[in-house]
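Asks: Here the protein sequences line up with chains A and B, keeping their order. So for the first sequence, the working numbering puts the first residue at 5; every next one is plus one. So for the second sequence, the working numbering puts the first residue at 39; every next one is plus one. Yeah, the Cβ is synthetic: ideal placement off N, Cα and C, and Gly gets one too.
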Amino acid sequence: MNAIALTRRRALQISLTTAGGLLAGVPLPRAVAKAAGVQLGLYVRIEPDERVIIGAPSTEMGQGINTAMPMVIAEELDADWSKVSIEQLPLMIKRNPAGPGWVFTDFPAGAGGSGSMIDAWAFLRPAGAKLRQMLIAAAAQRWKVAASECTTEPGCVVHGATKRRLSYGALASDAAKQAEPDSKSVPLKARKDYRIVGRPQRNAQAQTIVRGTERFGIDVEMPGMLYATIARPPAFDAQIVSIDDKAARAVPGVRDVVRIDGPKPDEPLYILGSGVAVVATSYWAALKGRAALKIAWSASPWASESSETMATQMERLMRGRGHLVNDEGDFDGAIKKAARVIERVYSVPYIAHATMEPQTATAHVRADGCDIIASTQSPGLSSRYAAEITGLERDNIRVLPARLGGGFGRRLEADYVWEAVFISKAVNAPVKVVWTREDDLRHDYYRPAGRHHLVMGVDGAGKVIAYKHRLASTSKSYRRRGNDGSKPWEPDLYDNAFPSGFVPNFQREYFAVESGAPRRSWRAPGHTANAFAVQSFIDEAAHELKQDPLAFRLALLHDDTRKLNYGFDVPFVGARLAGVLRRAAKEAGWGSPLPKGRGRGIAAHFTFSSYCAEVVEVSVDANDKLTVDKVTCAIDCGLPINPLGVKAQCEGGICDALSTALHQQITVKDGAVVEGNFDTYRMMRMDESPRVIDVHIMENDYPPSGMGEPPVPPLAPALCNAIFAATGKRFRDLPIGAQLTKA
Amino acid sequence: MIKLTVNGEVRSYDGDPEMPLLWYLRDELKLKGAKFGCGIAQCGACRVHVDGDAQPSCVLPMSATAGIKVTTIEGLSADGSHPVQRAWVEEDVAQCGYCQTGQIMTAVALLAQNPAPSDADIDQAMINICRCGTYVRIRRAIHRAAALMREGGK
Numbered sequence: 005m006n007a008i009a010l011t012r013r014r015a016l017q018i019s020l021t022t023a024g025g026l027l028a029g030v031p032l033p034r035a036v037a038k039a040a041g042v043q044l045g046l047y048v049r050i051e052p053d054e055r056v057i058i059g060a061p062s063t064e065m066g067q068g069i070n071t072a073m074p075m076v077i078a079e080e081l082d083a084d085w086s087k088v089s090i091e092q093l094p095l096m097i098k099r100n101p102a103g104p105g106w107v108f109t110d111f112p113a114g115a116g117g118s119g120s121m122i123d124a125w126a127f128l129r130p131a132g133a134k135l136r137q138m139l140i141a142a143a144a145q146r147w148k149v150a151a152s153e154c155t156t157e158p159g160c161v162v163h164g165a166t167k168r169r170l171s172y173g174a175l176a177s178d179a180a181k182q183a184e185p186d187s188k189s190v191p192l193k194a195r196k197d198y199r200i201v202g203r204p205q206r207n208a209q210a211q212t213i214v215r216g217t218e219r220f221g222i223d224v225e226m227p228g229m230l231y232a233t234i235a236r237p238p239a240f241d242a243q244i245v246s247i248d249d250k251a252a253r254a255v256p257g258v259r260d261v262v263r264i265d266g267p268k269p270d271e272p273l274y275i276l277g278s279g280v281a282v283v284a285t286s287y288w289a290a291l292k293g294r295a296a297l298k299i300a301w302s303a304s305p306w307a308s309e310s311s312e313t314m315a316t317q318m319e320r321l322m323r324g325r326g327h328l329v330n331d332e333g334d335f336d337g338a339i340k341k342a343a344r345v346i347e348r349v350y351s352v353p354y355i356a357h358a359t360m361e362p363q364t365a366t367a368h369v370r371a372d373g374c375d376i377i378a379s380t381q382s383p384g385l386s387s388r389y390a391a392e393i394t395g396l397e398r399d400n401i402r403v404l405p406a407r408l409g410g411g412f413g414r415r416l417e418a419d420y421v422w423e424a425v426f427i428s429k430a431v432n433a434p435v436k437v438v439w440t441r442e443d444d445l446r447h448d449y450y451r452p453a454g455r456h457h458l459v460m461g462v463d464g465a466g467k468v469i470a471y472k473h474r475l476a477s478t479s480k481s482y483r484r485r486g487n488d489g490s491k492p493w494e495p496d497l498y499d500n501a502f503p504s505g506f507v508p509n510f511q512r513e514y515f516a517v518e519s520g521a522p523r524r525s526w527r528a529p530g531h532t533a534n535a536f537a538v539q540s541f542i543d544e545a546a547h548e549l550k551q552d553p554l555a556f557r558l559a560l561l562h563d564d565t566r567k568l569n570y571g572f573d574v575p576f577v578g579a580r581l582a583g584v585l586r587r588a589a590k591e592a593g594w595g596s597p598l599p600k601g602r603g604r605g606i607a608a609h610f611t612f613s614s615y616c617a618e619v620v621e622v623s624v625d626a627n628d629k630l631t632v633d634k635v636t637c638a639i640d641c642g643l644p645i646n647p648l649g650v651k652a653q654c655e656g657g658i659c660d661a662l663s664t665a666l667h668q669q670i671t672v673k674d675g676a677v678v679e680g681n682f683d684t685y686r687m688m689r690m691d692e693s694p695r696v697i698d699v700h701i702m703e704n705d706y707p708p709s710g711m712g713e714p715p716v717p718p719l720a721p722a723l724c725n726a727i728f729a730a731t732g733k734r735f736r737d738l739p740i741g742a743q744l745t746k747a
Numbered sequence: 039m040i041k042l043t044v045n046g047e048v049r050s051y052d053g054d055p056e057m058p059l060l061w062y063l064r065d066e067l068k069l070k071g072a073k074f075g076c077g078i079a080q081c082g083a084c085r086v087h088v089d090g091d092a093q094p095s096c097v098l099p100m101s102a103t104a105g106i107k108v109t110t111i112e113g114l115s116a117d118g119s120h121p122v123q124r125a126w127v128e129e130d131v132a133q134c135g136y137c138q139t140g141q142i143m144t145a146v147a148l149l150a151q152n153p154a155p156s157d158a159d160i161d162q163a164m165i166n167i168c169r170c171g172t173y174v175r176i177r178r179a180i181h182r183a184a185a186l187m188r189e190g191g192k
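(1) Looking only at C-alpha atoms, which of B:Y51, B:R188, B:C96, B:V127 sits nearest to B:E66?
(2) Closer than 8 Å is the cut-off here; do at least three beta carbon pairs connect the stretch 704–724 of chain A with the stretch 652–670 of chain A?
(3) Relative to the C-alpha of A:R485, which candidate in A:D640, A:N400, A:E91, A:L385 has its C-alpha closest?
(4) Taking the alpha carbon of A:G117 as the reference point, which residue from A:Q381, A:M138, A:D186, A:I90 has its own alpha carbon closest?
(5) Between the beta-carbon of A:A367 and the beta-carbon of A:V283, is there less than 8 Å?
(6) Run through the DSSP bridge pairs and tell me what A:M688 is partnered with.
(7) Taking all protein chains shown into account, do 16 or more other C-beta atoms lie within 10 angstroms of the C-beta of A:K429, making it buried, or fewer, making it exposed?
(8) Can you tell me whether A:L139 sits near the ligand SAM, meaning its C-beta is under 7 Å from at least one heavy atom of the ligand?
(9) Taking a cut of 8 Å between CB atoms, which residues from the stretch 157–178 of chain B lie near chain A?
(10) With distances taken from CA atoms, which of B:K68, B:P58, B:V88 is nearest B:C76?
(11) In chain A, which residues lie with their C-beta within 8 Å of the C-beta of B:M57?
(12) Kindly list, in the order they appear in chain A, the residues whose Cβ is closer than 9 Å to that of B:A54.
(13) Return the CA-CA distance between A:D419 and A:M360, expressed in angstroms with no decimal places.
(14) Evaluate contact between the stretch 259–278 of chain A and the stretch 230–250 of chain A, counting only Cβ atoms and requiring at least three cross-stretch pairs below 8 Å.
(15) Report the three-state DSSP secondary structure of A:K673 (helix, strand or coil).
(16) Are the stretch 309–320 of chain A and the stretch 658–677 of chain A in contact at 8 Å, needing three or more beta carbon pairs?
(17) Within 10 Å of its beta-carbon, does A:K3 have 16 or more other beta-carbons around it, so buried, or fewer, so exposed?
(18) Can you give the Cα-Cα distance for B:T139 and B:L114, rounded to whole angstroms?
(19) Could you check the C-alpha separation between B:L186 and B:A125 for me, to the nearest Å?
(20) How would you call A:V584, buried or exposed, if buried means at least 16 neighbouring beta carbons within 10 angstroms?
(21) Can you check whether the C-beta of B:G118 is within less than 8 Å of a C-beta belonging to chain E?
(22) Quick test of your reading: A:E591 and A:T631, contact by CB under 8 Å. State the CB separation rounded to the nearest angstrom.
(23) Could you run through the stretch 70–95 of chain B and flag, in chain order, every residue whose CB is less than 8 Å away from some CB of chain A?
(24) Compute the Euclidean distance between the alpha carbons of A:A15 and A:A742, then round it to the nearest angstrom.
(25) Starting from the N-terminal side, write out each stretch of the beta strand (DSSP E) that is 3 residues or longer and does not extend beyond the stretch 418–444 of chain A.
(26) Would you identify the three-state DSSP class for B:V174, choosing helix, strand or coil?
(27) Looking at the C-beta of B:Y136, does it have a partner C-beta in chain A at a distance below 8 Å?
(28) Does the CB of B:I40 have a neighbour CB from chain A at under 8 Å?
(29) Output yes or no for whether 8 Å exceeds the beta carbon distance between A:R524 and A:D660.
(30) Apart from the five residues on each side of it in sequence, which residues of its chain come closer than 8 Å, Cβ to Cβ, to B:I180?
(31) Under the three-state reduction of DSSP, which class applies to A:W106: helix, strand or coil?
(32) Along the beta strand (DSSP E) that carries A:E618, what are the first and last residues, could you check?
(33) Does the distance from the CB of A:S477 to the CB of A:P452 come in under 8 Å?
(34) Taking DSSP as the reference, what is the three-state secondary structure of A:Y498?
(35) From the DSSP output, which residues share a beta bridge with A:G279?
(36) Taking the C-alpha atoms as reference points, what is the distance between A:R695 and A:I701?
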């Protein structure tokens with residue numbers, strides 16, 4: 005689907021689904037097939053009363069995909085959006101016709117890397133368009149006219165010459181008998197003809213959400229279901245020495261205690277550690293049983309690790325030479341010739357996902373099959389785990405993603421699904437695993453911590469001639485299955501990033517830091533750290549060179565129209581980043597004077613496939629109290645499928661990033677995580693949220709690109725740049741926390 | 039035996055008196071609208087009305103529920119017609135939606151006490167965490183709900 009052969013996001017998806025060889029699931033979308041009405045293709049059911057039920061093949065975690073994807077199908081189908089309702093589809097896979105293992109039946113299920121919309125554009129447009137052609141063919145047959153004489157209006161086929169019309173409901177069963185057009189050649193609508201896509205549509209599940217009847221993973225019920233909670237190791241990789249479960253088993257309602265021996269310290273992570281599950285007839289009884297367990301744990305091999313030892317390790321490593329990831333031009337030569345050299349160091353901590361809904365999965369393992377309903381971004385991985393645990397054929401394993409109470413990348417991992425399947429098999433009953441908040445914060449796959457050293461060389465005319473980014477981090481590729489860890493920089497530095505390709509002499513150097521804390525993907529992964537360091541540094545350089553921070557960035561980008569491979573699905577075009585910078589600046593009134601104690605900061609970043617610039621305007625009062633008065637955002641995501649959803653993602657991403665920049669930090673002490681709940685892991689609330697968020701969507705002819713992550717990375721640097729503009733205080737270590745009052 | 043009223047219905051409970059109200063609502067009455075987020079009264083996802091006040095149900099033991107009147111999101115309106123629910127839909131507030139039932143219950147209690155809250159009032163009352171960051175739309179929705187109620191929405 006794209007010229008770039010194996011992009012990072014695609015590679016990620018493949019690793020999630022086929023590493024270890026196999027993927028599992030069910031052949032048919034039972035959720036759609038169950039009811040009356042006529043099933044057309046994989047995604048659509050048309051009811052006699054004209055309701056159109058569209059199956060959503062991705063997973064909804066708040067990114068709006070179960071509104072946006074059905075919009076794409078409905079558009080090409082030419083459905084009447086007011087008659088559309090949406091159902092979550094289970095994972096759909098089939099045996100690989102070209103070799104061993106399993107492949108997706110059609111849409112690559114799961115959500116990560118802001119890629120669902122790119123996939124939807126490739127898979128779901130033709131899926132909808134084919135059905136429209138089949139409905140037209142059915143009408144033409146009935147009228148005995150040529151299909152080419154017919155067209156559609158929302159929900160019906162029209163014969164222009166005779167002004168006859170037939171509704172989709174009346175045509176559906178005949179349409180199902182028509183030959184299915186080829187996906188590659190089926191005609192697609194022109195953008196000018198869109199009636200649904202590109203127009204603001206509200207969250208399709210809003211009604212059930214506000215009534216409290218929307219079912220999330222934690223709300224799943226199965227007949228005879230038991231509840232499980234797991235006692236987890238007190239430090240990274242501690243193993244079970246002995247269990248005394250007498251008192252736990254004596255708690256009323258406790259049915260069983262299940263020992264789980266997790267991965268050894270040198271093995272890939274599939275779950276986060278060993279544990280002891282207490283299974284009971286109620287969640288409360290399970291919690292009480294867990295509290296009554298007496299478990300002797302082995303010492304952690306990481307017992308001496310703390311946040312301080314990690315920082316020391318980073319500093320020490322960076323005194324030496326690391327792995328040269330990029331080496332363009334002659335950095336060493338150019339930096340010697342530079343009229344001026346600017347250097348800064350930035351740091352970011354471990355952070356946790358803290359999905360609002362704690363991790364949860366429900367599984368029922370039987371001799372002949374397995375049902376899983378879970379809050380997961382990775383139904384494919386879930387089914388593979390289930391197949392490995394149960395030995396069942398993959399087509400006997402059914403995985404239905406529930407609505408997720410937040411994802412943020414945490415639920416790309418399916419460890420808690422593994423737990424539910426394992427425990428269900430052990431106790432021979434349906435089991436719902438529910439983590440507590442303490443489980444969630446102390447046993448997460450954290451966003452890597454890192455220390456960034458940036459160096460810039462400028463010539464006598466103020467032009468950047470040399471640039472180097474040195475990063476020491478606890479790599480995200482830690483103990484990842486199918487990854488031997490030999491290229492630890494890959495998920496933390498990506499292939500290239502701005503200003504690669506814009507400075508003639510450019511280097512990036514990487515240092516792998518050891519840590520026992522598990523880590524993986526946190527919304528926009530490496531971009532959050534790198535955008536903070538790079539966009540803060542560029543701002544500092546501009547101030548030091550007495551240039552305007554916006555003008556300095558635009559001069560670096562110089563409206564470049566080259567297509568650069570930054571390692572993602574779509575190439576990077578400098579002019580598009582310049583475009584969002586200019587737009588955000590214009591809308592924010594960049595350059596207009598502000599009273600004392602107020603300031604504006606700007607930052608922009610390309611994340612996976614979309615471009616986002618943000619201008620943050622802050623006030624800092626005499627008591628050093630910070631208020632974010634306004635965030636102005638310009639987003640270029642190509643065609644915005646649902647502009648209202650795009651704006652929601654910008655607002656949410658901005659708040660998520662602000663909360664993180666202000667407060668969030670996971671501290672390690674004695675090889676374990678200190679923070680256990682929201683009393684110590686502070687989340688931003690209403691009172692600290694921006695007073696105004698003003699979002700502007702760029703208009704252009706590009707195809708749609710991702711929206712779940714791109715608004716996050718520019719916020720932290722724009723915020724710190726704004727605080728500097730307001731106060732002259734520069735923060736280089738996240739979170740800002742109490743630094744403002746101490747500085 | 040503890041007797042309490044949930045959404046207008048009198049209920050009897052004789053289980054573990056230490057069990058928090060949240061798990062009684064969710065696991066025994068199958069009212070899933072109140073959500074589990076922290077278990078220590080920090081996030082607000084589990085908020086229900088206890089005698090008209092928005093309270094975290096995750097730390098209220100069943101032993102303390104005798105005679106109380108509980109309203110959950112399911113009891114707010116049968117059809118989503120409460121002005122706060124309508125405002126939430128009209129402002130397209132929800133992203134993942136997990137915290138929104140607790141947000142709505144807090145907002146309803148706020149508006150009952152203060153029919154025309156200022157932004158500062160909203161800042162003070164709305165202490166629920168929204169991990170998706172829908173705060174700007176929540177604020178707008180509360181102002182809209184206040185207007186709907188003034189127009190006689192309810």
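Replies: Taking the definition as stated:
(1) B:Y51
(2) Contact between the stretch 704–724 of chain A and the stretch 652–670 of chain A is present, with at least three C-beta pairs closer than 8 Å.
(3) The candidate whose alpha carbon is nearest that of A:R485 is A:L385.
(4) A:Q381
(5) No Cβ-Cβ contact shorter than 8 Å links A:A367 with A:V283.
(6) Residue pairing by DSSP places A:M688 opposite no residue, since no beta bridge is assigned to it.
(7) buried
(8) With respect to small molecules bound, the structure shown includes none, and the ligand SAM cannot be examined in it.
(9) For the stretch 157–178 of chain B, which is checked against every Cβ of chain A, the residues closer than 8 Å are D157, I160, D161, Q162, M164, I165, N166, I167, C168, R169, C170, G171, T172, Y173, V174, R175, I176, R177.
(10) The shortest C-alpha to C-alpha distance from B:C76 to any of B:K68, B:P58, B:V88 is the one to B:P58.
(11) S286, W288
(12) With the sequence shown as reference, residue 54 of chain B is identified as Asp, and Ala is not the correct amino acid for it. Ordered by position in chain A, the residues that pass the 9 Å Cβ test against B:D54 are P256, G257, S286, W288, A289, K292.
(13) Their Cα atoms are separated by approximately 18 Å.
(14) yes
(15) strand
(16) Between the stretch 309–320 of chain A and the stretch 658–677 of chain A there are three or more C-beta pairs closer than 8 Å, enough to call the two in contact.
(17) Outside the displayed range of chain A (5 to 747) lies residue 3 of chain A, so it cannot be described from this structure.
(18) Each residue's alpha carbon lies about 10 Å from the other.
(19) 8 Å
(20) buried
(21) The chain labelled as chain E is not found among the protein chains of the depicted structure, namely A and B.
(22) Between A:T631 and A:E591 the Cβ distance is about 20 Å, and since that is not below 8 Å, they are no contact.
(23) K70, G71, A72, K73, F74, G75, C76, G77, I78, Q80, C81, A83
(24) Caution applies to A:A15, whose pLDDT of 37 falls short of 50 and renders its modelled position unreliable; the model cannot decide the point.
(25) Within the stretch 418–444 of chain A, the complete beta strand (DSSP E) runs of at least 3 residues are 435–438.
(26) Under the three-state reduction of DSSP, B:V174 is assigned to helix.
(27) yes
(28) By the rule that beta-carbons nearer than 8 Å mark a contact, B:I40 does not touch chain A.
(29) no
(30) Only V122, A125, A145, L148, L149, P155, I160, M164 meet the Cβ criterion.
(31) strand
(32) 614–624
(33) yes
(34) coil
(35) A:I264
(36) In a straight line, the C-alpha of A:R695 is about 20 Å away from that of A:I701.
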